[in-house]
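Beneath this line is the structure, given in structure tokens, with notes to follow.
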Amino acid sequence: MKKEVSREERYSRQLLLKEWDQEKLEKSCVLVVGLGALGSVVALNLAMMGVGKLILVDFDTVELSNLSKQLLYREEDLGKPKAEIAAKRLHEINSEIEVVALDKDVRKINKSYFEESHVVVDGLDTFEVRRWLNSMCVDLAKPLVHGGFYGWYGNVQVVIPFKTACLECQPLIPPEKLQKMCTPPGNIRKRLRPENEEKIPTVASIATVIGGIQSQEVLKILLEIPNILENYVFYDGISQTLTKLRLEKNPECVVCSDKYRIKGVEYILEKQETIRQLKNRLIMSYGLAKPDIIVRDKMILDENVKISDLGLKTGDLIFVNDERLAKPLKLKVKIM
Ligand SMILES: [Zn+2]
Numbered sequence: 000m001k002k003e004v005s006r007e008e009r010y011s012r013q014l015l016l017k018e019w020d021q022e023k024l025e026k027s028c029v030l031v032v033g034l035g036a037l038g039s040v041v042a043l044n045l046a047m048m049g050v051g052k053l054i055l056v057d058f059d060t061v062e063l064s065n066l067s068k069q070l071l072y073r074e075e076d077l078g079k080p081k082a083e084i085a086a087k088r089l090h091e092i093n094s095e096i097e098v099v100a101l102d103k104d105v106r107k108i109n110k111s112y113f114e115e116s117h118v119v120v121d122g123l124d125t126f127e128v129r130r131w132l133n134s135m136c137v138d139l140a141k142p143l144v145h146g147g148f149y150g151w152y153g154n155v156q157v158v159i160p161f162k163t164a165c166l167e168c169q170p171l172i173p174p175e176k177l178q179k180m181c182t183p184p185g186n187i188r189k190r191l192r193p194e195n196e197e198k199i200p201t202v203a204s205i206a207t208v209i210g211g212i213q214s215q216e217v218l219k220i221l222l223e224i225p226n227i228l229e230n231y232v233f234y235d236g237i238s239q240t241l242t243k244l245r246l247e248k249n250p251e252c253v254v255c256s257d258k259y260r261i262k263g264v265e266y267i268l269e270k271q272e273t274i275r276q277l278k279n280r281l282i283m284s285y286g287l288a289k290p291d292i293i294v295r296d297k298m299i300l301d302e303n304v305k306i307s308d309l310g311l312k313t314g315d316l317i318f319v320n321d322e323r324l325a326k327p328l329k330l331k332v333k334i335m
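Using numbering that gives the first Met the number 0, the first residue of the sequence shown is number 0, and each one after it goes up by one.
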């Protein structure tokens with residue numbers, strides 16, 4: 000009884016909203032990937048609002064530079080795992096929710112964590128893992144709320160698999176400097192290697208705005224409030240403007256289009272080309288890291304093998320595996 004009374008009191012102000020459904024939130028589960036500046040804001044908001052279960056994934060430890068913008072950490076936490084500290088702090092604020100801390104690379108966690116979640120939050124700071132996450136969410140049809148920020152700017156994109164554009168549909172690949180955290184509008188199809196690590200300017204106030212918008216989008220999905228952000232917003236903290244864009248689904252998208260999932264994307268192979276040359280082309284075409292080529296269930300290990308040696312004909316399917324994809328890429332080959 001006492002718990003019921005405190006619950007009413009704890010959530011009394013949000014319960015005044017006619018769209019609010021506390022029980023629905025209590026039965027919800029959100030997977031927060033990356034507990035840096037954005038992930039901290041989102042996880043904190045969701046915990047305060049009483050989302051029943053939060054799964055926090057991050058394999059980083061708390062560093063001094065994090066304390067200027069990641070609001071769940073304290074000086075005493077330096078060197079400790081972010082996911083565990085974040086879970087502890089959230090539990091101190093709201094002991095009535097369940098918080099699971101996974102001190103792991105998201106690519107290594109059990110798939111069941113994705114399956115039980117209603118929404119996935121992207122608070123990552125590396126582009127390659129983000130692409131993997133997008134691919135995984137599309138594969139499992141889980142809504143993904145992506146956020147990024149750089150300097151005085153930030154952006155949010157909501158991916159409702161197969162309904163709205165995924166992160167790969169219109170590759171908002173940022174100029175080199177923006178690569179790490181922010182994906183500003185533009186349609187530059189330019190794939191950059193993640194190795195070009197560079198420190199980028201970030202500030203707590205922008206992270207709070209972007210994390211706040213992400214939290215609001217998660218909330219709307221959980222409460223089934225229509226008018227899901229359609230589907231990209233860009234925030235300029237200097238002029239205080241929010242620009243909304245509608246990103247269209249790409250019928251050729253290698254992650255979410257039917258072509259890719261069902262039929263396979265058509266890809267031209269030249270008879271004289273070696274596997275090594277093909278791999279390099281795939282890196283350029285799809286921004287892959289280290290593609291593996293699979294022909295008739297066998298991985299082609301010898302990179303000097305020529306396409307003409309593989310006995311492929313136009314219309315055959317080959318598969319390409321890569322650490323940036325949650326599922327192999329299906330290609331329908333056209334031999335030239
Ligand atoms: Zn797509």
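Glycine residues also receive a C-beta, built at the ideal position from the N, C-alpha and C atoms.
{"Check": "Buried versus exposed call for Asn82 [16 or more other C-beta atoms within 10 Å across all chains shown]", "Outcome": "The residue asked about is misnamed: residue 82 is Ala in this sequence, not Asn. Answer is buried; the Cβ neighbour count reaches 16."}
{"Check": "Assigned secondary structure, Gln276 (DSSP; H/G/I helix, E/B strand, else coil)", "Outcome": "helix"}
{"Check": "For Pro250 and Ser111, the rounded distance between their alpha carbons", "Outcome": "29 Å"}
{"Check": "CA-to-CA distance, Val32 to Asp121, given in whole angstroms", "Outcome": "5 Å"}
{"Check": "Identity of the residue in Ser307, Leu71 and Ala206 nearest Gln271 by Cα", "Outcome": "Ser307"}
{"Check": "Any non-hydrogen atom of ligand 1 within 7 Å of Arg256 CB", "Outcome": "Just to set this straight, residue 256 is Ser in the shown sequence, not Arg. Result yes, Cβ under 7 Å from ligand 1."}
{"Check": "Nearest neighbour of Tyr234, chosen from Pro225, Ile212, Val29 and Ala46 [CA to CA]", "Outcome": "Ile212"}
{"Check": "Span of the alpha helix (DSSP H), counted from its first residue to its last, around Thr207", "Outcome": "Ala203 to Leu221"}
{"Check": "Nearest candidate by alpha-carbon position, reference Gly210, set Gln69, Lys329 and Ser94", "Outcome": "Gln69"}
{"Check": "For Asp394: DSSP bridge partner residues", "Outcome": "Residue 394 lies beyond the stretch modelled for the chain, which goes from 0 to 335, so this question has no answer here."}
{"Check": "Cβ pair count under 8 Å reaching 3, the stretch 235-242 against the stretch 148-158", "Outcome": "yes"}
{"Check": "Ligand 1 heavy atom lying under 7 Å from the CB of Cys136", "Outcome": "no"}
{"Check": "Straight-line Cα distance separating Lys262 from Cys165", "Outcome": "19 Å"}
{"Check": "Three-pair Cβ contact test at 8 Å for the stretch 317-325 versus the stretch 116-136", "Outcome": "yes"}
{"Check": "Residues of its chain near Arg6, where Cβ-Cβ distance is below 6 Å and the 5 sequence neighbours each way are ignored", "Outcome": "none"}
{"Check": "Same chain, Cβ closer than 7 Å to Val253, five either side skipped, listed in chain order", "Outcome": "Glu167, Tyr259, Val264, Tyr285 and Leu328"}
{"Check": "Outcome for Met344 when other beta-carbon atoms lying within 10 angstroms are tallied against a minimum of 16", "Outcome": "This structure cannot settle anything about residue 344, because the visible part of the chain is limited to 0 through 335."}
{"Check": "For Cys168, the three-state DSSP class (helix, strand or coil)", "Outcome": "coil"}
{"Check": "Close beta carbons around Ser214, own chain, < 6 Å, minus the five adjacent residues each side", "Outcome": "Val41 and Asn44"}
{"Check": "Cβ distance (whole Å) where Val157 is taken to contact Thr163 below 8 Å", "Outcome": "7 Å"}
{"Check": "Option in Ser67, Arg12 and Ile317 with minimal Cα separation from Asp296", "Outcome": "Ile317"}
{"Check": "Nearest residue (CA-CA) to Leu268, options Lys305, Gln239, Lys289 and Thr240", "Outcome": "Lys305"}
{"Check": "Rounded separation between Glu91 and Glu302 - CA only", "Outcome": "55 Å"}
{"Check": "Check whether Val217 and Val105 have beta carbons under 8 Å apart", "Outcome": "no"}
{"Check": "Sub-8 Å separation of Val313 and Ile282 beta-carbons", "Outcome": "It is worth fixing the name first, because residue 313 is Thr in this sequence and not Val. No."}
{"Check": "Beta-carbon proximity check, Leu222 vs Gly146, cutoff 8 Å", "Outcome": "no"}
{"Check": "Residues near Arg9 in its chain [Cβ-Cβ closer than 6 Å; skip 5 each side]", "Outcome": "none"}
{"Check": "Whether Leu244 touches Tyr231 by CB criterion (8 Å)", "Outcome": "yes"}
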